[in-house]
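Protein chains in written order, with this note's numbering: chain A, 102 to 554; chain B, 3 to 283.
All residues carry an ideal CB built from backbone N, CA and C; glycine is no exception.
Being a predicted model, the structure only gives us computed values, none of them experimental.
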Ligand SMILES: Cc1cc2nc3c(=O)[nH]c(=O)nc-3n(C[C@H](O)[C@H](O)[C@H](O)COP(=O)(O)OP(=O)(O)OC[C@H]3O[C@@H](n4cnc5c(N)ncnc54)[C@H](O)[C@@H]3O)c2cc1C
Ligand SMILES: Cc1cc2nc3c(=O)[nH]c(=O)nc-3n(C[C@H](O)[C@H](O)[C@H](O)COP(=O)(O)OP(=O)(O)OC[C@H]3O[C@@H](n4cnc5c(N)ncnc54)[C@H](O)[C@@H]3O)c2cc1C
Ligand code: SF4
Ligand code: SF4
Ligand code: FES
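In structure tokens:
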């Protein structure tokens with residue numbers, strides 16, 4: 102896929118990947134073998150009929166292609182951009198055995214962007230209201246998908262969102278240069294066009310309890326509140342000034358538009374030398390954001406090696422091209438501050454890789470050698486965990502691990518009428534898996550209401 | 003949108019605002035706060051719910067104009083609206099039948115003690131309120147406090163009202179005279195720290211309400227982290243009240259300085275714009 106020049110793009114927030122041209126899309130679509138038993142579909146968590154939409158692209162029926170995708174996936178323009186395709190649909194494509202697999206994600210994005218460019222819009226589906234109210238908590242991909250699917254079945258849906266804008270991580274986590282905000286807005290408009298109401302600034306568990314929602318006549322509740330709480334290392338110096346948790350750093354920029362301070366009121370500190378701790382998508386996004394805010398040097402500090410990094414390959418490539426410096430096998434053990442309480446360096450252990458651990462990745466261990474990296478900002482991107490506000494407010498709700506909601510394969514919790522999905526039931530995962538969970542839960546909620554036992 | 007119903011200047015640079023927010027009013031408990039954003043470009047700031055009327059569906063906010071957002075909030079007129087208000091957030095103050103309780107308020111912090119006083123009063127506690135300020139006109143809601151407490155002591159730095167001196171002096175007297183079960187202090191960091199140091203040798207349970215910078219106020223960003231008992235805690239969901247004897251006030255004070263430059267820049271621009279507008283008129 103074409104990308105914007107690395108030097109230029111690393112100084113602004115406009116989208117990096119440009120998408121396929123019509124000619125490129127047609128050419129790519131023609132390579133598809135239209136397999137009778139398409140392996141690619143098995144790799145897609147929402148089982149999009151991939152050969153069918155690619156066939157439509159081949160016939161230059163681009164809106165048709167999108168209609169196929171939309172039957173399975175509410176957010177094609179989003180998934181086409183941020184899905185870890187290389188581990189999902191594309192990793193299974195039969196062509197991948199010998200040469201490059203079909204660029205399924207890029208084609209999906211093409212179909213969605215084509216519609217947006219041409220201003221075409223799918224005719225709103227005819228909906229016959231069935232009079233049942235269902236509440237959806239959280240407007241991330243899980244919540245949006247559950248809401249849209251249920252709305253199409255005729256349910257009267259209200260989404261309750263804690264923040265002042267809808268979209269979840271898509272909005273406040275993933276940066277503009279990877280997923281432009283206008284795309285999310287468009288997808289949300291589509292969900293609203295199905296009759297879904299969205300109440301913002303509504304912190305369920307605080308502004309209203311789940312119990313009250315049931316009392317107000319909601320027949321079922323879908324919880325898609327994500328895994329929004331940042332993890333931290335508990336090393337000395339973590340509360341110094343200019344140590345950010347990635348979620349705060351990204352929220353300031355993505356949700357509050359701090360890069361436009363003082364035009365927008367929320368500031369974010371710009372630094373010269375930044376160390377981002379972690380190796381996932383969140384770390385890549387933080388590093389590339391810091392660069393765009395004007396940092397001279399940005400390090401990714403990761404305790405394993407490049408092979409173990411959980412972030413998407415494409416994003417790592419983009420980051421490298423933009424000049425992010427990778428410090429592998431490096432584990433910070435202390436953040437050193439100056440007399441005013443500001444970061445001035447980090448003390449790190451050099452690591453070596455040993456036997457694989459339970460996650461199958463090789464376990465890092467201290468080599469005994471340490472060194473100091475001079476930086477004036479540190480961004481902690483070592484993962485998220487469950488946010489306690491809502492889950493703790495529900496008496497008797499069965500949880501697992503660090504406070505995730507335990508659900509069956511359909512998203513049903515142990516309390517009748519309460520369903521959940523996405524990061525709050527799986528732990529931090531992916532956009533498409535959250536959507537898949539929303540979809541399954543929508544079906545289960547329909548069964549719960551329409552076919553009571 | 004949350005409509006402003008009434009506005010009143012209660013002290014120099016301090017405004018009280020009654021706002022239509024029925025769900026927040028209904029669920030409010032002593033100790034809770036809201037996070038608000040005035041408009042599209044605004045910052046999200048936390049303000050304590052100083053009072054709530056669940057029947058009328060209103061909340062009262064009391065704020066000191068010290069920066070861009072609070073200054074701008076102060077320019078809003080009744081009838082206009084605030085774009086976003088989320089709440090009620092934070093833990094509720096633990097309200098038990100303690101016996102003799104002392105509430106210590108410094109400056110604007112005083113008003114945020116009002117719901118706590120109301121709640122303690124309902125549980126038949128004996129409550130002494132100590133309100134301190136630089137000078138007498140900065141003492142807010144004194145009469146409201148008088149109406150609900152067993153005793154109200156005022157202290158001012160300049161002696162313009164009540165006792166001359168700091169709240170800690172008055173607090174010490176009270177503790178020496180009576181068996182105090184709990185002290186709850188809200189105000190400037192230095193004051194809360196002084197209270198903590200004073201009550202510690204007495205072994206009296208002491209709560210302070212911490213005011214770190216917050217972003218979303220729902221536990222998702224970690225901006226509001228404070229060090230309590232050597233551990234990192236998120237003030238917006240685990241606080242804002244913490245055991246005063248465990249709080250690391252230094253870390254808090256340092257972290258509150260972090261955006262000083264940006265705050266000043268914001269304020270300067272805001273004043274310049276306001277001045278331009280006024281000159282045109
Ligand atoms: C920086 C970053 C980059 C990422 N990059 C990728 C990527 O490239 N590809 C990919 O597939 N995945 C990526 N992910 C992961 C992906 O974004 C998440 O797995 C996905 O968004 C989870 O969706 P969700 O619907 O479960 O929750 P979320 O998207 O987290 O949405 C939850 C929503 O619920 C709201 N909420 C929380 N509590 C309450 C409450 N009490 N009341 C009301 N509302 C509430 C929140 O405000 C939020 O809007 C990334 C994540 C981050 C943080
Ligand atoms: C839980 C909580 C409850 C609060 N309740 C109230 C209240 O009821 N009434 C009230 O007037 N204020 C309250 N505050 C403080 C209030 O949030 C800040 O005054 C406000 O954010 C300042 O915004 P600004 O843009 O006007 O000023 P800024 O320009 O952001 O700040 C100006 C000055 O205020 C200091 N400051 C910035 N943020 C805070 C903060 N969070 N707390 C204390 N000082 C700060 C800065 O160091 C600076 O010196 C509360 C804070 C918290 C965390
Ligand atoms: S949604 Fe994701 S996994 Fe499914 S086809 Fe699209 S890019 Fe592939
Ligand atoms: S596996 Fe590859 S070639 Fe076969 S249908 Fe899917 S995309 Fe086309
Ligand atoms: S303000 Fe974001 S976690 Fe507390």
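Whole-Å CB distance - residue i paired with residue j, under 8 Å assumed
i	j	result
residue 365 of chain A	residue 359 of chain A	7 Å
residue 180 of chain A	residue 209 of chain A	6 Å
residue 272 of chain B	residue 67 of chain B	With a Cβ gap of about 11 Å, residue 272 of chain B and residue 67 of chain B do not count as contacting.
residue 263 of chain A	residue 289 of chain A	So it is not a contact: roughly 16 Å between Cβ atoms.
residue 470 of chain A	residue 451 of chain A	4 Å
residue 543 of chain A	residue 245 of chain A	Their Cβ separation, rounded to whole angstroms, is 11 Å, which puts residue 543 of chain A and residue 245 of chain A out of contact at 8 Å.
Bridge-paired residues (DSSP) for residue i
i	result
residue 475 of chain A	A/446
residue 636 of chain A	Lying before the first or after the last residue shown, residue 636 of chain A is absent from chain A, which here runs from 102 to 554.
residue 39 of chain B	B/86
residue 17 of chain B	B/11, B/65
residue 207 of chain B	B/184
residue 243 of chain B	B/211
residue 299 of chain A	A/260
residue 321 of chain A	A/235
residue 394 of chain A	According to DSSP, residue 394 of chain A bridges with nothing at all.
residue 400 of chain A	A/376, A/426
residue 227 of chain B	B/236
residue 91 of chain B	B/35
residue 4 of chain B	B/84
residue 309 of chain A	A/305
residue 342 of chain A	A/443
residue 49 of chain B	B/36
residue 104 of chain B	B/130, B/185
Closest residue to residue i among the options (Cα-Cα distance)
i	options	result
residue 129 of chain B	B/116, B/40, B/136	B/116
residue 172 of chain B	B/105, B/55, B/242, B/97	B/105
residue 4 of chain B	B/35, B/37, B/160, B/84	B/84
residue 228 of chain A	A/380, A/212, A/258	A/258
residue 127 of chain B	B/200, B/245, B/253, B/98	B/98
residue 327 of chain A	A/297, A/242, A/153	A/242
residue 248 of chain B	B/194, B/13, B/107, B/262	B/194
residue 132 of chain B	B/149, B/114, B/107, B/123	B/107
residue 239 of chain B	B/36, B/11, B/26, B/18	B/36
residue 318 of chain A	A/443, A/506, A/232	A/232
residue 187 of chain B	B/200, B/179, B/178	B/200
residue 93 of chain B	B/142, B/29, B/78	B/29
residue 133 of chain A	A/115, A/414, A/200	A/200
residue 418 of chain A	A/548, A/388, A/270, A/438	A/388
residue 54 of chain B	B/24, B/253, B/152	B/24
residue 156 of chain A	A/147, A/129, A/171	A/129
residue 123 of chain A	A/439, A/214, A/196	A/214
CB of residue i within 8 Å of CB of residue j, strictly
i	j	result
residue 325 of chain A	residue 518 of chain A	no
residue 448 of chain A	residue 473 of chain A	yes
residue 110 of chain B	residue 64 of chain B	yes
residue 222 of chain B	residue 335 of chain A	no
residue 276 of chain A	residue 390 of chain A	yes
residue 551 of chain A	residue 520 of chain A	no
residue 47 of chain B	residue 90 of chain B	no
residue 88 of chain B	residue 219 of chain B	yes
residue 297 of chain A	residue 238 of chain A	no
residue 142 of chain B	residue 228 of chain B	no
residue 456 of chain A	residue 107 of chain A	no
residue 345 of chain A	residue 480 of chain A	yes
residue 482 of chain A	residue 381 of chain A	yes
residue 502 of chain A	residue 537 of chain A	no
residue 294 of chain A	residue 269 of chain A	no
residue 478 of chain A	residue 348 of chain A	no
Only counting runs of 3 or more residues, tell me where the beta strand (DSSP E) segments fall wholly within the stretch 402 to 472 of chain A, in order along the chain. Within the stretch 402 to 472 of chain A, the runs of beta strand (DSSP E) that reach at least 3 residues and sit entirely inside it are, in chain order, 426 to 428, 431 to 438, 444 to 457.
Inside the stretch 109 to 176 of chain B only - alpha helix (DSSP H) runs reaching at least 4 residues: Segments of the alpha helix (DSSP H) lying fully in the stretch 109 to 176 of chain B: 111 to 114, 116 to 124, 144 to 150.
For the stretch 497 to 554 of chain A, which segments carrying the beta strand (DSSP E) assignment without a break, of at least 3 residues, lie completely within its bounds, in sequence order? As far as the stretch 497 to 554 of chain A is concerned, its whole beta strand (DSSP E) runs of at least 3 residues are 519 to 521.
Within the stretch 203 to 248 of chain A, note down every full alpha helix (DSSP H) run reaching 4 residues or more, in order along the chain. You should have 205 to 219.
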